Each structure stands twice: as C-alpha cells, then as structure tokens.
Amino acid sequence: STDLTSTVGYDSIIQHLNDGRKNCKEFEDFLKERAIIEEKYGKELINLSKKKPCGQTELNTLKRSLDVFKQQIDNVGQGHIQLAQTLREEAKKMEEFREKQKQHRKKIELIMEAIHKNRNLQYKKTMEVKQTCCCFLPCGLMVIIHTHDAGAELNTMVFLLCCKLYDSVISLADRSYQQNVTTLEKIREEWQKEHIKACEFFETQECERINYFRNTLWLHVNQLSQSCVQNDEKYEEIRKSLELCSIEKDVDFFVNLRKTGSSPPAPVVYENYYNAQRNAAAVRSPVPVPISR
C-alpha cells in the first residue's frame, strides 16, 4: 500500500502466522485424541485376552496355539498402549515448538507495534502542521489584507507590523513543518528497515514451521506403519504356532487321555433258568477282538 500508515501487508503476514500456529495446535490435538483411542483400544484388547474364554477346553497342539494367540493379542494391546505414549510425546514436542515460535515472534511484534505507533503519531503531527501552513495561515493573511482594503482603523504602520509579525509566524510554521517532515522521514526509514527485518524473520520462522510440521507428520505415519509391522510380527507367531497344530496328534491325545480300555464290553449271554441242560449248551458269541488303531 502507498499509504504510509497502512498495515494491511503486515497484518496479512501476522494473520498467516497465526493460522499456521493454529494448524500446529490442531495437529497437536489430533495426536492427543489418537493417543486416547490407541490406549483405550490397547486396554480393551488386554482385557479381552485375559478375561474372555477362547477355546479353554481345547487339548494338546491346538491348545498351545490358542495360548500363543491370546498371549500375542495381549502383546498387540501392549503395543497400542506404547504407541499412545509415543503419540503423547510427539504432541508435547509440537506444543513446545509452537510455544517457542510464539515467544520469538512476540519480541518482534512488540518492536513493530512500537514503531507503528511512533510512525502514526509523527505522521498525524506532520499532517496537522502541514494543514496549518497550507490553509490557516494563508487565510489569516487574506483577512488582514481584506480588512486594510476595506478601510478599517489600521494605519499603514500597523498594517506593516501585522504583516511582519505574520511573516514571522509563517517562517516559524514552515520551519516546524520542515522539521516534522524530516523527523517523519527518519522514522519512516527506521520503520522500513525494521519492517524488512521482521519480514525476513517471519519468513524464516514460517519455513521452520512448515518443515517441522511436515517432518512430524511423516514421523507419525512411520510410527503407525511400524506399529502395523510389529503387530504383523506378533500375528506371524500365531501362524507359526498354528502350523505346528496336528489334527491327528490332538485326536490321539484325546483318545489316550480319556480311553477306558483296549477291548469293547463283552456281549450279554442268554441264560435259561428253566432248563439246566439247554442252559449249559447255550451258544456263546465269539470272544471280542481288541480294537487297534
């Protein structure tokens, strides 16, 4: 802007920096919320693996696989709790970075605020003196001349004295005007120099913010990927355990554990309690053959 007192450009920069700080705060809050979700999920997985029955009457190799399964689910839960702690630490780092930038910016903003105030006051003072020189004093002179021409009771000597006095006032006002313009120019040069320095500082700070934000987001995604890889490694342990599960061994284990003998029960023989001879000659079934596997 060509207006010396305008702060439109400066205000736009400050607004952009405030928006950037707000964006960092939003991501910081996102990390905190994600940490709450991860911790809650992790605790629920641990409670599930410890309290919920899951094939508790299984035997042998399948039972061992189920034990590995529940243990690894517990480990997955612990991993999510650890991830939650990591996310909180990253959120804390983002907060510290944001506050650090805020404090550094505050110093520059205070300097610029003082310079803007001083510049605006001097500009206002200069314009007031200018107004006096270009409007009020010439009008006063015209009044004196007009009064003399109209035949007022002012002799030539008084008129000349008034003109001389007025000339002194004009000279004094002009010097004051020149001094104010000179002072304003010095303040303008100082403001311009500090404005450039402030803009360079703000640019450097914004580059640092964008770089930090980008790297933090990248790290966050890497942490999520690492969590997925670690979880898959735990699930792989379950798969390895299931590969060792043998259907035949589990069936044999159950049979050996619960078997009641190697031969089936003997058949029930008919006995005739009314005819002793026939009863003695009753036909018997063959001897049971032991069951072999």
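Residues in the sequence shown are numbered from 1 upward in steps of one, following full-length UniProt numbering. Ideal Cβ positions, reconstructed from N, Cα and C, are used throughout, including at glycine. Given the structure is predicted, the values throughout are model-derived calculations rather than measurements.
Cβ contact annotation for Ser246 (same chain, cutoff 7 angstroms, sequence separation greater than five): Thr61, in chain order. DSSP places Val129 within a helical segment (H, G or I) once states are collapsed to three. When DSSP assignments are scanned along the region 65-120, no uninterrupted stretch of beta strand (DSSP E) that is 3 or more residues long falls wholly within it. Per the coordinates, the alpha-carbon of Lys51 lies some 52 angstroms from the alpha-carbon of Gln205. Contact between the region 255-268 and the region 107-116 is absent: fewer than 3 CB-CB pairs across the two stretches fall below 8 angstroms.
Shown here for Val181: same chain residues with a beta carbon closer than 7 angstroms to its own, the five before and five after excluded, namely Thr126 in chain order. Of the candidates Val229, Val68, Arg214, Tyr212, Val68 places its Cα closest to the Cα of Glu243.
Arg88 is positioned such that its CB atom lies closer than 8 angstroms to that of Lys32.
Counting only residues of its own chain and dropping the five nearest sequence neighbours on each side, Ser227 has a CB closer than 8 angstroms to the CB of Gly79, His80, Leu83.
Of the candidates Cys199, Glu96, Asn272, Lys25, Cys199 places its Cα closest to the Cα of Asp11.
Under the 8 angstroms Cβ criterion, the region 115-130 does not count as touching the region 202-222, having fewer than three qualifying pairs. Under a 10 Å Cβ-count criterion, Glu39 is classified as buried, with 16 or more other Cβ atoms of the shown protein chains found around its own Cβ. Assignment of Asn222 by DSSP, reduced to helix, strand and coil, places it in the helix class. Cβ neighbours of Tyr41 within its own chain (closer than 8 angstroms, five residues either side excluded): Gly77, His80. For Thr7, the secondary structure class from DSSP, reduced to helix, strand or coil, is coil. Assigned with DSSP and collapsed to three states, Val181 falls in helix. Under the three-state reduction of DSSP output, Asn215 falls in the helix class. At the C-beta level, Lys107 and Arg21 stay beyond 8 angstroms of one another. Going by C-alpha positions, Leu17 is about 36 angstroms away from Glu128. Taking 8 angstroms as the cut-off, the Cβ atoms of Ala91 and Glu190 do not count as close.
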